[in-house]
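Take a look at the structure below.
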Amino acid sequence: MTALPSQQSLDWITRLIAHESISSRSNMALVTEVATHFRELGMDVVLTRNEEGTKANLFATLPGSEGSLHNGLVLSGHTDVVPVAGQDWTSDPFVATIRDDRLYGRGACDMKGFLGIAIALAAEFAQKRLQYPLHYALSFDEELGCIGAPLMIRDIVARGYHPRVCLVGEPTDMTPVTAHKASRVYECRVHGRACHSSAPADGVNAINYAARIINFLEGMATTFRYEKMQDPDFDPPYTTFSVGTIEGGLSTNTVPDLCDFSFQFRALPQEDGEAIEQAIRHYIDHDIIPAMRRDDPDAGVTLFRRANVPALAGLKCEAIDDIKDKLGNWQCSCVSYGTEAGLFQQVGIDAVVCGPGSIMQAHKADEFVSLQQLADCENFSA
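The sequence shown runs 224 to 605 under this note's numbering.
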């Protein structure tokens with residue numbers, strides 16, 4: 224018989240899913256609702272906003288015995304979700320729907336299931352005499368490359384908090400993850416010179432030069448796959464590259480003057496991400512731009528790093544062992560996706576990733592999490 228989470232947890236998950244907190248939109252309505260709830264429980268709540276004031280991280284604390292704010296556990300998760308446009312859903316993605324022992328909705332597993340349970344349990348935690356403080360860290364724009372979390376973590380450090388460990392509730396089927404790859408996300412603009420396609424030598428074809436850079440990235444991907452270090456704990460066991468979007472050109476009879484594309488690489492923790500980036504920039508600066516400027520001195524390439532998510536290295540600590548012991552699962556795993564866990568580890572806070580649901584369901588139509596997984600998470604967290 225399938226175990227069920229509490230009605231309080233289901234209610235909060237339903238409320239969170241109802242917020243259409245797609246990364247391209249504001250998350251302020253969701254954050255305001257959670258902040259109000261936490262303040263009613265007597266929790267200290269701090270918001271850190273983006274420059275436009277349209278999005279916010281939420282950091283809330285239940286003090287430990289004698290009002291202590293140091294040490295303790297951070298429960299961390301992101302409030303944003305990926306878009307649903309173009310996906311074929313069988314139910315409204317922003318209405319939590321239960322069928323066949325599963326809860327469906329955008330964010331059900333990634334990661335409003337975990338957040339809903341954690342928020343629902345806050346009332347119970349507030350009634351207990353916690354020896355150590357319990358912190359909640361809800362971030363914005365994780366799906367765009369952990370954009371919001373660094374602002375919040377910087378604030379945590381500035382306030383002098385010293386959490387013992389951070390639990391990031393990304394979907395792992397409730398299996399502890401103690402290592403993940405680093406990732407860097409880039410936007411590249413190639414600026415050439417337009418002309419009529421009957422005389423292409425009169426222009427500088429931005430698409431052609433963008434294709435050269437993309438071909439270079441593909442060459443790097445091949446090298447890392449077949450010639451560089453491998454780590455069998457990861458799947459795939461090597462550093463990967465991926466071009467995600469590309470746009471350029473006006474018509475077939477016009478040599479294009481602009482081409483924009485985005486790409487990322489996901490590096491093993493042992494790899495030097497900075498060295499990889501410098502190799503890409505060296506190729507652009509020494510091979511691409513000089514070739515373009517032979518035909519037009521104003522031509523060029525702009526490479527902007529949009530996100531930099533550090534790897535989570537597989538460190539061991541007593542607090543993480545306590546988490547694994549409570550789960551009854553000593554078999555840790557490594558994953559190729561990134562989380563804010565590496566950012567917490569970077570400032571000296573040990574971190575582990577563990578949450579309900581499977582990453583294989585994330586970002587898809589009819590995203591779901593099983594009720595059993597939600598119940599397991601609730602029993603673990605209580």
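Even for Gly, the Cβ is constructed at its ideal location relative to N, Cα and C.
Small disclaimer: the values here were computed from a predicted structure and weren't measured.
Whole-angstrom distance between residue j and residue i, CA atom to CA atom
i: V391; j: A574; result: 7 Å
i: S299; j: D396; result: 17 Å
i: V592; j: L440; result: 36 Å
i: G368; j: A381; result: 23 Å
i: R248; j: R238; result: 17 Å
i: I430; j: L473; result: 11 Å
i: C418; j: Y432; result: 15 Å
i: E450; j: Q493; result: 15 Å
i: A331; j: E590; result: 6 Å
i: G426; j: D480; result: 8 Å
i: I469; j: A434; result: 10 Å
i: G442; j: V524; result: 19 Å
i: I572; j: R387; result: 6 Å
i: L566; j: H414; result: 34 Å
i: E497; j: V257; result: 38 Å
i: I436; j: I507; result: 7 Å
i: Q453; j: A444; result: 13 Å
i: I342; j: L233; result: 11 Å
i: Q596; j: A345; result: 19 Å
i: P373; j: A585; result: 23 Å
i: D510; j: R516; result: 11 Å
i: Y327; j: T259; result: 26 Å
i: L594; j: Q230; result: 12 Å
i: P317; j: M251; result: With the sequence shown as reference, residue 317 is identified as Phe, and Pro is not the correct amino acid for it. Using only the alpha carbons, I get a separation of about 17 Å.
i: N602; j: I582; result: 21 Å
Proximity test, residue i beta-carbon vs the ligand MG heavy atom, cut-off 8 Å
i: M251; result: The ligand content of the structure shown is nil, which means the ligand MG is not present either.
Residues bridged to residue i [DSSP beta-bridge criterion]
i: R322; result: R325
i: E601; result: Beta-bridge pairing links E601 to no other residue.
i: Y384; result: According to DSSP, which records beta bridges pairwise, Y384 is partnered with nothing at all.
i: V478; result: C418
i: V408; result: Q487, A530
i: F317; result: Answer by DSSP bridge pairing: none, since F317 is not bridged.
i: F389; result: The sequence shown places Cys at residue 389, rather than the Phe named in the question. Its beta-bridge partners are V297, A574.
i: H586; result: Its beta-bridge partners do not exist; DSSP assigns none.
i: A402; result: C557
Beta-carbon gap between residue i and residue j smaller than 9 Å
i: L361; j: V254; result: yes
i: A536; j: Q568; result: yes
i: R416; j: C482; result: no
i: T462; j: R489; result: yes
i: R322; j: V304; result: no
i: N273; j: D333; result: no
i: D518; j: A402; result: no
i: N280; j: L292; result: no
i: Y340; j: W235; result: Note on identity: in this sequence residue 340 is Ile, with Tyr being the wrong assignment. In contact: I340 and W235 (Cβ atoms closer than 9 Å).
i: D599; j: A283; result: no
i: T302; j: H242; result: yes
i: H358; j: L296; result: yes
i: G561; j: K335; result: no
i: A588; j: V268; result: no
i: G578; j: F261; result: no
i: E410; j: V400; result: no
i: E347; j: S246; result: no
i: R504; j: R407; result: no
i: A534; j: C389; result: no
Residue range of the unbroken beta strand (DSSP E) whose run includes residue i
i: T611; result: The chain is shown from 224 up to 605; residue 611 falls before or after that span and cannot be answered.
i: T284; result: 279–285
i: V380; result: Unbroken run through V380 is the alpha helix (DSSP H), 372–381; no beta strand (DSSP E).
i: Q501; result: Segment 496–506 is the alpha helix (DSSP H) holding Q501; no beta strand (DSSP E) there.
i: T271; result: 267–272
i: L361; result: 357–362
i: G523; result: 523–532
i: T225; result: Premise fails: T225 is in no beta strand (DSSP E) and is neither H nor E.
i: A574; result: 573–576
i: L296; result: 296–301
i: F457; result: Element bounds for F457: n/a, residue is neither H nor E.
Residue i: first and last residue of the uninterrupted alpha helix (DSSP H) it sits in
i: L253; result: 251–263
i: Q231; result: 230–241
i: T446; result: 429–449
i: A564; result: 564–569
Note to self: Does the region 350–362 come into contact with the region 282–291, if we say contact requires no fewer than three beta-carbon pairs (one atom in each stretch) closer than 8 Å?
What the structure shows: yes
Check: For the region 363–378 against the region 308–327, are there 3 or more C-beta pairs whose distance is under 8 Å?
Finding: no
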